[in-house]
Amino acid sequence: MSDTSHNYLNAKKGLWSWLTTTDHKRIGILYAIACGAFFLLGGILATFVRTELGAPGETILGQDEYNQVFTLHGVVMVFLVIIPAIPGILGNFVLPLQVGANDVAFPRLNLASWYLFMAGALMAVCGWLFVGKVDTGWTFYTPYSSGASNAVLWLTSAVFVAGFASIFTGLNFIVTVHKMRAPGMTWNRLPLFTWAIYATAIVQVLATPVIGITMVLLFLEKLLHIGIFDPALGGDPVLFQHFFWFYSHPAVYIMILPAMGIISDLMGTFSRQHVSGYTFIALSSVAIAFLGFLVWGHHMFVSGQSALSSIIFSMLTFLIGIPTGIKVFNWVATMYKGSVWLKTPMLYALMFLFLFTIGGLTGIMVGVLAVDVHLHDTYFVVAHFHYVMMGGALIGLIGGLHYWWPKMTGRMYNEKAGVIAAILVFIGFNLTFFTQFFLGSKGMPRRYHDYSEFLETFPEFAALNMTSTIGSYILGVGLVMILIYALYSLVRGPRATANPWGACTLEWTHTETVPDEHNFHDTPLVTRGPYDYHLADDVFGPKKES
Amino acid sequence: MISADTTLKHYFVNHEQQFDAAKLGMWLFLVTEVLLFAGMFVAYAVYRAWHPEVFLQASELLDWRLGALNTIVLLASSFTVALSIHFVQKGENRKVLVLLLLTLLCAAIFMVVKYFEYTDKFSHGIVLGAGFDPHGIIDGKDYSKYNVPYAAQFFSIYFVMTGIHGVHVLVGMGIFGWLATRVARGHFSPQWYTPVELTGLYWHLVDIIWIFLFPLLYLI
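Listed in order, the protein sequences are those of chains A and B. All residue numbers for the first sequence refer to the working numbering, where the first residue is 315 and numbers rise by one. All residue numbers for the second sequence refer to the working numbering, where the first residue is 1128 and numbers rise by one.
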């Protein structure tokens, strides 16, 4: 890019300057490139899965290949895309700008965490290519995983290493928010995206070490047969499930909380109104982070854990609905009597609201003990968590990327293309996954490559699966379209103006459109809240119409 | 001696902010360490609750005298590292150097004792994992009597916990060696001694974890 201004993109030149950068904005871009590539890989694998299921019988994948493909899809999407993406890309890029800092507290650690993340990814891919295929599912349940291919060793090591990337990122953000806020940036003036990333960081720091030690123990179980998880040696496989979900349930909030933060910022900016219930939204993020640690057992209702713990976990699961509901109602209230501006980012915010609410409410359904016994391991669960992880976390990420795109690149994308892609994604997503609620409630089990034997009892499975597969292609077209117009925008997009959305937070009001290498020319002095749109005249000059 | 200003990173406003940030970061890192070990403590608690008699019996094979010696050595090293922080604040760098080297020595003694404990166990068939097969007679104890179900679990937990703890001691030794060279080159002053302080925090945690490991594995 040949900008005339001096900014973080052209301050230093060459690949080496990118690979050795400690600038939080450049590290955000590094994450964007990596996560984008993994998202493409995971998406291609998902297309294979849906194509296999499009018609009854074996079509393009045998049963073993099918198991391997959905395992890799799960591992890539969870550990290499959804968990790192929002904190890694937008957290890195935006958070220091939003709090008025010149960088994160530990820039070198920040770069190190990107390298750890890439090392983890490399181990996963190398294990896959050169050692063997893993077909355990992304959960690595013992004893199956401790007896499976040696590639499990590579994949568990990969999760261990990538976990440290997540820990260091979270640690960096907590310290940055605590110690590096600009003068006047009180806790009550933190943008809600920063609040959400802060709550996420707490979960990253507290939960990730537990998956680390779980992976170490699984590694040793597989390599040396230490008998901690393998029942044949006196170990307890349910203990593995406890350990695994003690991380992996909070990890669900590592995925969704940052997206909720993005939606809060989008709702405020594109309704041009103070975000309703600011304090409640901020603290509900912390409440979700806290409650998220107490509900892992709801993944294990049919594992043989005690009935009493199942009941307690079920009750605690319902509690999560409270802070989540607080957010959803406040987002709706933010739009009420606001000046809603339906630009592409806002379309994704509305999409999030719709899809996440479905995902969240079905989550309450599978949190009910009796219902879960019926729905466990069916497509209902698959549909539920895709509504939350894709419809929630990834739609939030895409919305956020559109919102901050001008800030990151200095260019605008084609708004018309953005709207068309958003509509395609919305239609495709719902066709793909809403049908799966029907499939699951009828009892179609997940992780099966073929359903022809059910067709006698449930002939509708064929049509529903076909619809789901067609939906996934539409979704795929929408996502590829985003990739194409984003790349086009990098080269040919019109230059972005200083504050294209008229946003109120520091990254829009106090930095250049493409920020300087050191973010702020002068340390900002914060004298107002993040969504004080009633001050808009003072901040942005008088209205043009009046 | 390096002047204080070159140690202030450009993205911090002043030394106080930089020092506070570094300390908070270290404390958070220690929290992650506690949770890492917490997983293993949970595994210990679960298997102990299920097979208390086996754990009691198997723990007899660990020599409490060596464990106690290592406890004293580590406690002493925590004392020397605390003193080193005291003296670096007063700018008495000669004493800091001596104290850091003493700490390094204590850590080395700990690892040597651990080495003899491990090799003794290995030579009598007490290993991590599938090869577990105790045999031989030591101190009047017939090891083969300890080849009971779930004794292997006890020693799996023993080796994993003390092994990962040992890795932390080794890392600590590396850091103390590096700190000692920096002290010798006069890098630290009462104005800036962050690495010494942070390493001290880390070392106290390594010490505390051992203080839990010793009674749980050797004594009860």
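No residue lacks a Cβ here, since even glycine has one placed at the ideal position from N, Cα and C.
Which word fits residue i, buried or exposed, when buried means at least 16 other C-beta atoms lie within 10 angstroms of its C-beta?
| i | result |
| --- | --- |
| K1105(B) | Because chain B is modelled from 1128 through 1347, residue 1105(B) falls outside the range shown and cannot be assessed. |
| G371(A) | exposed |
| H1262(B) | exposed |
| Y717(A) | buried |
| L839(A) | exposed |
| I577(A) | buried |
| S623(A) | exposed |
| Y1138(B) | buried |
| K327(A) | exposed |
| H688(A) | exposed |
| P421(A) | buried |
| N1141(B) | exposed |
| R495(A) | buried |
| T373(A) | exposed |
| V1239(B) | exposed |
| S331(A) | exposed |
| L1346(B) | exposed |
| L1342(B) | Looking at the sequence shown, residue 1342(B) is not Leu but Pro. The residue is exposed, with fewer than 16 neighbouring Cβ atoms inside 10 Å. |
| Y1171(B) | buried |
| Y1277(B) | buried |
| Q377(A) | exposed |
| H612(A) | buried |
| T450(A) | buried |
Just to confirm before moving on: does the CB-CB distance between residue i and residue j stay below 8 Å?
| i | j | result |
| --- | --- | --- |
| L425(A) | T336(A) | yes |
| T648(A) | S585(A) | yes |
| Y414(A) | P572(A) | Looking at the sequence shown, residue 414(A) is not Tyr but Gly. Going by C-beta atoms, G414(A) is not nearer than 8 Å to P572(A). |
| P844(A) | L608(A) | no |
| L715(A) | L753(A) | no |
| S460(A) | F543(A) | yes |
| Y1273(B) | Q1145(B) | no |
| R1192(B) | F1182(B) | no |
| G724(A) | T361(A) | no |
| A812(A) | T827(A) | yes |
| I511(A) | L344(A) | no |
| M660(A) | L580(A) | yes |
| V642(A) | L664(A) | no |
| L605(A) | L630(A) | yes |
| F554(A) | W610(A) | no |
| A707(A) | I602(A) | no |
| K339(A) | F407(A) | yes |
| V392(A) | G434(A) | no |
| Y662(A) | G591(A) | no |
| A1234(B) | G1290(B) | no |
| T1134(B) | I481(A) | no |
| F1315(B) | V1169(B) | no |
Could you pull the DSSP bridge partners for residue i from this structure?
| i | result |
| --- | --- |
| W1319(B) | S1316(B) |
| R809(A) | R725(A) |
| I488(A) | Its beta-bridge partners do not exist; DSSP assigns none. |
| N833(A) | D830(A) |
| I672(A) | Answer by DSSP bridge pairing: none, since I672(A) is not bridged. |
| D1269(B) | I1264(B) |
Check: Given 8 Å as the limit, is there contact between the segment 791-811 of chain A and the segment 731-748 of chain A, that is, 3 or more CB pairs closer than that?
Finding: The segment 791-811 of chain A vs the segment 731-748 of chain A: in contact.
Notebook entry, point to check: Taking only runs of the alpha helix (DSSP H) that begin and end inside the segment 453-480 of chain A, which ones reach a length of at least 4 residues, in chain order?
Noted result: 458-461
Note to self: Counting beta carbon pairs with one atom in the segment 1141-1160 of chain B and one in the segment 1326-1337 of chain B, are three or more of them shorter than 8 Å?
What the structure shows: Flag = yes, the segment 1326-1337 of chain B and the segment 1141-1160 of chain B touch.
Check: Taking the runs of the beta strand (DSSP E) that are 3 residues or longer, which of them lie wholly in the segment 383-444 of chain A?
Finding: none
Checklist line | Three-pair Cβ contact test at 8 Å for the segment 501-517 of chain A versus the segment 450-461 of chain A | finding: no
Next item on the list: Would you mind listing the alpha helix (DSSP H) stretches within the segment 684-768 of chain A that are 4+ residues and don't spill past its ends, in chain order?
Entry: 693-702, 709-723, 729-755
Note to self: Could you check whether the segment 675-695 of chain A touches the segment 623-639 of chain A, counting it as contact only if at least three pairs of C-beta atoms, one from each stretch, sit closer than 8 Å?
What the structure shows: yes
Next item on the list: Pair every Cβ in the segment 1251-1269 of chain B with every Cβ in the segment 1303-1313 of chain B, then say whether three or more of these pairs are closer than 8 Å.
Entry: no
Margin query: Can you confirm whether the segment 1333-1340 of chain B touches the segment 1200-1209 of chain B when touching is taken to mean that 3 or more C-beta pairs between the two stretches lie within less than 8 Å?
Written below: yes
Check: Any contact of the segment 478-495 of chain A with the segment 510-526 of chain A, i.e. 3+ C-beta pairs under 8 Å?
Finding: yes
Notebook entry, point to check: Would you say the segment 780-789 of chain A touches the segment 740-756 of chain A, given that touching needs at least three Cβ pairs under 8 Å?
Noted result: yes
Notebook entry, point to check: Three or more beta-carbon pairs under 8 Å between the segment 750-764 of chain A and the segment 431-443 of chain A, yes or no?
Noted result: no
Next item on the list: Please list the segments of the alpha helix (DSSP H) lying wholly inside the segment 1166-1210 of chain B, counting only runs of 4 or more residues, in order along the chain.
Entry: 1179-1186
Note to self: Any contact between the segment 1282-1293 of chain B and the segment 1243-1257 of chain B? By contact I mean 3 or more CB pairs, one from each, below 8 Å.
What the structure shows: yes
Note to self: Across the segment 682-702 of chain A and the segment 766-777 of chain A, are there enough close Cβ pairs to call them in contact, namely three or more that are closer than 8 Å?
What the structure shows: no
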